[in-house]
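Top line first, the protein sequences correspond to chains D and U.
Numbered according to the numbering used here, the first sequence spans residues 83 to 822.
Numbered according to the numbering used here, the second sequence spans residues 114 to 574.
Don't be surprised by glycine CBs; every beta carbon is placed ideally from N, CA and C.
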Amino acid sequence: MGSGSSRAPNSPTPHPPSGPGAADGAAAAPGAAVATHCPYCALQCGTRLHPGAGPEEPLRVEPDAGFPVNRGGLCQKGWTAPAVLRAPDRLRTPLVRGRDGLLAPAGWDTALDAVAARLAEIRAAHGPDAVAVFGGGGLTNEKAYLLGKFARVALGTRMIDYNGRFCMSSAAAAGIAAFGLDRGLPFPVTDLGEADTVLLAGANPAETMPPLMRHLNKAGALVVVDPRRTATAERAALHLAPAPGTDLALALGLLHIAVTEGLVDEEYVRARTAGFDAAWRHAAGWWPERVELVTGVPADAQREAVRLLSGARRAYVLTGRGAEQHSKGTDTVAAFVNVALALGLPGRPGSGYGCLTGQGNGQGGREHGQKADQLPGYRHLTDPAARAHVAEVWGVAPESLPGPGLSAAELLDALGTAGGPRALLVFGSNPVVSAPDAARVQRRLAELDLLVVADFVPSETATMADVVLPVTQWAEEEGTLTNLEGRVLRRHRALSPPEGVRDDLAVLRELAVRLGEPPDRFPADPRRVFDELRRASRGGPADYSGISYARLDAGEALHWPCPEAPDGAAPHPGTPRLFLDRFAHEDGRARFQDVDHREPADARDDRFPLWATTGRQLQHYQSGAQTRRVPELVRAAPEATVELHPDTAARAGLAEGELARVRSARGAVLARVRLVATLRTDTVFLPFHFPGHGRANLLTGTALDPRSRMPEFKVSAVRVEPVEVLETAVPEPAVRSAAG
Amino acid sequence: MIVGGGPVGHRVAERLCHHGHEGPVTLLDAEPGPAYHRVLLPALLDGSLTPADLNLPDLNDLNDLNDLPGVTVRHGVSAAGVDRRRQEVRTTEHDRLPYDTLVLATGARPHLPPVPGLRHASGWLIDGVTGLRSRTDCARVRGEEIVVLGGGPLGVEAAAALRRAGRRVTLVHPGPYPLDDRLDAGAGEVLTRHLAGLGVGLELGRIAAEVRPGKIALDDEWLLPWDTLLCCTGVRPRTRLAEAAGLAVRTGVLVDAEGRTNDPAVRAVGDCAEPGGSLYDGWEQAETVARSLTGASAPHGTAARRPVFRLRVPGLTLGVLGEGKGDAGDEIVTYRDPARGRYARLSLDATGRLRAGVLTGLPQALATLTQLYATDTPLPESRLALLLGRPAPRGGPLPELPPEAVVCRCNNVTKGALAAAWEEGARTREALAEATRATTGCGSCADDLKVLCREFAEVEA
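In structure tokens form, the structure reads like this:
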């Protein structure tokens, strides 16, 4: 037993309160509101938590009118978030799979001892890379940081990646290539409200992050690129609806028009960029009529989009998962960045390029070392100076740090294969629902010798595990998250976790100690972890060293980089706006990227004549493990659906409300038909939040982007067919058998 | 070995590299400079691009990508002859280059009409007369008065581009309207109006009778002044090399579906081949040949490309899908609004698939139909919605919405729920927001709530 385990799991580490709004230490004093942030998306809307009416509603949420991102707004998910805290099936005790193949309650020591013993065995028999770690973009900065350290130091494995690979990786790769640095929005969200034109490529914030629309509604013209006429597209001055998988051709066409119509900001291109000529060589081949042929977007509409952007005094180009989740997602983002650069937007006050980060800590989660190739502070694992710096902070030898491992989809695909990992630890992720080719993921997980899942509800992945560890949720813990604008935010505890539940940091510490690590190396107190993270990030691209809990609790708006000021100097004010003077490449210039269009990995044919694209619904978040446990949200969006054009449905012999089977080369999904007259007749849409036979990711493939390793979620060739009544009684896919 | 450095020859080389062709590739390009997009020549005429802007990506850049032998481009060198028995190409530089496979991409040359006075006795064109096939041709266009002979796609696009550049342009065309071999009279009328609106002088139903320096006489004896006489009167495949090598040639070099001539070691692609087609067809042939030569599998699901013609004149949407006018038994859909430049004539088979269509002034409909036609997909039931380019708007004014209609999407608040809250005493927008959370998401329904407050108050009164 490590020293930390003697503490009762639900009594938090005490430390003194630290400024206004702080609720460190214990549950809030009766009647006092605790300032924190919504548990879901990357907007991280400011909320105040009040004591609730009773056990069913432990907390009452009040949106924070003073927080600039949401300005008092909140969507249905945010309002109802406290329901997850008291989900009836909330995990309250560790579960260990017994010889009978069933998960049974166990004590913490039993569970942790079992995990540590098996990990040590597997490592001894197969080497350190036989143990893999899978993290999540919803984990706090502290958890993400400690998870990465745990993998590299306590496990010594190369094999760590996280679900943000399915989320932000394409935009991150393209952003680093273009600007030398990736921060989702290199400007505060509030700047968007001042814009004359905003182009949204593959983003549907009216459903995925509604309060963002408060800023976009204030902006002038909205140009929306989306195959579907989404709630966001309905509000647009101009909606461009390219065929799925053709956004890259469209972006090349926009650059072509900017050039032929003389709208390029030549002075900016000359002074602040490099590589225009090579980028143009490819865009030259994408004249508007050819783009129209490939994308289905009229040439006139393409020209109008460019005019709206170039005619604006202030304009933004923003990308979302619709542009990014492709086997060419990085190039697609790069092509949109090229358009923004040609028009002279990035790094100019009031204009720019940004990506709308998805998960709650999608930004911070990609900075602190749970990514296969990365160390804290957004450092590269292969950079000797970065290794030396981080190793020193960690008190280990630089050469003891393993090298880069496999990316998420490849990692999942290697599980249980010859030479692949034999054990997997999952924190804050549900890949059985959210990873591509989900049936294959399920088969791979079933091949493991050991699957350990830390979660607060029995997610679809947790139910396959050998050991399940119950952990805390948002309102029960302290920490920081970094929102889509690179602003570091404090998460505050408003409520004690249920008895039997532990913080992820404590779990990592306990495991590390059992694996022979000195207890001091794995603090469980988030404040201590953050202080270590600050030191580890010092001097890196995402430098947090000047940020402290005290400054955040005092209400300072700190965007990274925020280096620590020298002794005696005023604290660094943070960097709300990046690139105003120079980009982060050595020569200070942004890079045009030399990209061309290519077809999706799937092709349509007589067997699979339609495109399926996947995405989100307003009521649900990611794999739905949380939101499917909120009755109000389930009433509004209860089950897997497939949206079809009425003609497409009629041709398939389907009517509104009927059950359809959607089939790709990988698998089949059962989903309720919803007729949507505005859809393209060649495209169907499935939200990916639902479990079992309703998993949209049973259809998607593992074709990966060569640069970001992003899977192709947004375009799969499918067919749609009715389900005979008798066939509907098929059993759920088999869950993992007894641990072997 | 590829002969011909136009866009299609270039594409063959590029795709061979892409598919991992293991042997060396030599490309003979008669032009001294880099390959370029011929289709963008009108952008030179209107000044929106400079000649260098048209360059294709440098094939030498591909050679850095992998360890393959890569592409050697020889500019300013063309093939003087082919010895098929020895599998050798004799170049204009008098060297002999062996080949395993020879790909002919020699393209086409402008065909000039046999008008008296167009040429000197020596056969050379008189000064100021040019075809429009190269950057050099574009550079020959000078002066204020331009007469364009031939109202095909190139003639129309060139005339419109030259007008954009502020030149005086007259288009002489023998048919009743430009593009008369592709368009029916309805679309022809729209095109004629559009060109006239641009200020292009139109001499329709006319041919050139005699050319003199600075003047051209039409067959009705009308005289037009010219500084440049631009002949857009069609092209002929360049087949001399193939003919001399004894390959089967009709109009173009005869090829099979994978571009093979009657000699399996020789292929032909693009404008020099028969069947030929548009640039897109040429690119597709290039892809097919590259796959066939590298053993890459054929892309699945590609049916034969279907003929799509899209005029490239900014401000005018005009497209022709398919060839001919359809069959007698077809369903015919027509739409005509000449004052607004809109016209459509669609011919559909019994399954609702488009057999042929002509559209002008309907951008979204053309874009959608092009994709449906290219994939041979039946059209939506509502032909009207299709032509309008957008489904009819749903719902109606707020007061007419049923109680189950969602007013606040972000919080899934229905009109009924708001009415109930009103009954409970929430009588202002703020009170309704407090009671139902409506307006607290994206905030877009704030105005709707104002309207509803009035409606609820009126119902009560």
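Q) residue 216 of chain D by DSSP, collapsed to three states: which one? A) When secondary structure is reduced to three states using DSSP, residue 216 of chain D falls in the strand class.
Q: Using three-state DSSP, classify residue 91 of chain D as helix, strand or coil.
A: Unreliable positioning characterises residue 91 of chain D in this predicted model, as indicated by a pLDDT of 38, which lies under 50. The coordinate reading is nonetheless provided below. If DSSP states are grouped into helix, strand and coil, residue 91 of chain D belongs with coil.
Q: Throw me the rounded Cβ distance for the residue 184 of chain U and residue 195 of chain U pair, which I believe falls under 8 Å.
A: The Cβ separation is near 20 Å, so there is no contact.
Q: Could you tell me which of D:173, D:149, D:161 sits nearest to residue 555 of chain D, measuring between CA atoms?
A: Here the closest residue by C-alpha is D:173.
(Q) Let's test the definition: count the other Cβ atoms within 10 Å of the Cβ of residue 396 of chain U and tell me whether it reaches 16, buried, or not, exposed. (A) Per the 10 Å Cβ criterion, buried.
Q | Status (buried if at least 16 other CB within 10 Å, exposed otherwise) for residue 169 of chain U | A | buried
Q: Select from U:544, U:467, U:462 the residue whose C-alpha is nearest the C-alpha of residue 420 of chain U.
A: U:467
Q) Quick one: what's got a C-beta closer than 6 Å to residue 535 of chain D's C-beta in the same chain, skipping five residues either side? A) 508, 543, 544, 547, 550
Q) How about residue 120 of chain D: is its C-beta nearer than 9 Å to some C-beta of chain U? A) no
Q: Note down the Cα distance separating residue 366 of chain D from residue 284 of chain U, rounded to an integer number of angstroms.
A: 28 Å
Q: Report the three-state DSSP secondary structure of residue 414 of chain U (helix, strand or coil).
A: Any reading at residue 414 of chain U must be qualified, since the residue scores a pLDDT of 44, below 50, and its modelled position is unreliable; no value is offered.
Q: Count the other C-beta atoms from every protein chain shown that fall within 10 angstroms of the C-beta of residue 133 of chain U, then say buried if there are 16 or more, exposed otherwise.
A: exposed
Q: Could you confirm whether any beta carbon from chain D is found closer than 9 Å to the beta carbon of residue 251 of chain U?
A: no
Q | DSSP beta-bridge partners of residue 804 of chain D | A | D:742
Q) Taking DSSP as the reference, what is the three-state secondary structure of residue 289 of chain U? A) In the structure shown, residue 289 of chain U sits in coil (DSSP, three-state: anything other than H, G, I, E or B).
Q. In three-state terms, what does DSSP make of residue 609 of chain U?
A. Because chain U in this structure spans residues 114 to 574, residue 609 of chain U falls outside the shown range and cannot be described.
**Q.** Collapsed DSSP secondary structure at residue 308 of chain U in the structure displayed
**A.** In the three-state scheme derived from DSSP, where H, G and I count as helix and E and B as strand, residue 308 of chain U is classed as helix.
Q.
For the stretch 111 to 128 of chain D against the stretch 284 to 291 of chain D, do three or more pairs of beta-carbon atoms, one drawn from each stretch, fall closer than 8 Å, so that the two count as touching?
A. Three or more Cβ pairs closer than 8 Å define a contact, and the stretch 111 to 128 of chain D meets that threshold against the stretch 284 to 291 of chain D.
Q: Determine the DSSP secondary structure at residue 779 of chain D, reduced to helix, strand or coil.
A: In the structure shown, residue 779 of chain D falls within a helical segment according to DSSP collapsed to helix, strand and coil.
**Q.** Paired residues, beta bridge with residue 316 of chain U - DSSP
**A.** U:285
(Q) Which residue wins for smallest C-alpha separation from residue 402 of chain D, given the options D:651, D:463, D:256? (A) D:256
Q | Cβ-based burial, residue 739 of chain D [other Cβ within 10 Å; buried from 16] | A | exposed
Q: Per DSSP, which residues does residue 128 of chain D bridge with? Please list them.
A: D:119
(Q) Counting only C-beta atoms, is residue 150 of chain U closer than 9 Å to chain D at any point? (A) yes
Q. Shorter than 9 Å from the beta carbon of residue 341 of chain D to some beta carbon of chain U?
A. yes
Q.
Rounded to the nearest angstrom, what separates residue 442 of chain U and residue 460 of chain U at their Cα positions?
A. Their Cα atoms are separated by approximately 9 Å.
Q. Listing by chain order, which chain U residues have their CB less than 7 Å from the CB of residue 157 of chain D?
A. From the beta-carbon of residue 157 of chain D, the residues of chain U found nearer than 7 Å are 523, 524, 554.
Q: For residue 239 of chain U, count neighbouring C-beta atoms within 10 Å of its own C-beta (all shown protein chains included) and say buried if the count is 16 or more, exposed if not.
A: exposed
**Q.** Helix, strand or coil at residue 420 of chain U according to DSSP, with G and I counted as helix
**A.** Residue state, collapsed to three classes: coil.
Q: Count the other CB atoms, across all protein chains shown, that sit within 10 Å of the CB of residue 312 of chain U; report buried if there are 16 or more and exposed otherwise.
A: An exposed status is given to residue 312 of chain U, since fewer than 16 other beta-carbon atoms sit within 10 Å of its beta-carbon.
Q. Nearest chain U C-beta to residue 288 of chain D closer than 9 Å, yes or no?
A. yes
**Q.** Residue ranges of each beta strand (DSSP E) within the stretch 477 to 550 of chain D, 3 or longer
**A.** 505 to 509, 532 to 537
Q: Could you tell me which residues DSSP puts in a beta bridge with residue 456 of chain D?
A: D:462
Q.
Quick check on the burial criterion: 16 or more other C-beta atoms within 10 angstroms. Buried or exposed for residue 563 of chain D?
A. buried
Q | Residues in the stretch 598 to 612 of chain D having any Cβ partner in chain U nearer than 8 Å | A | none
Q.
Considering only DSSP beta bridges, list what residue 323 of chain U is partnered with.
A. U:330
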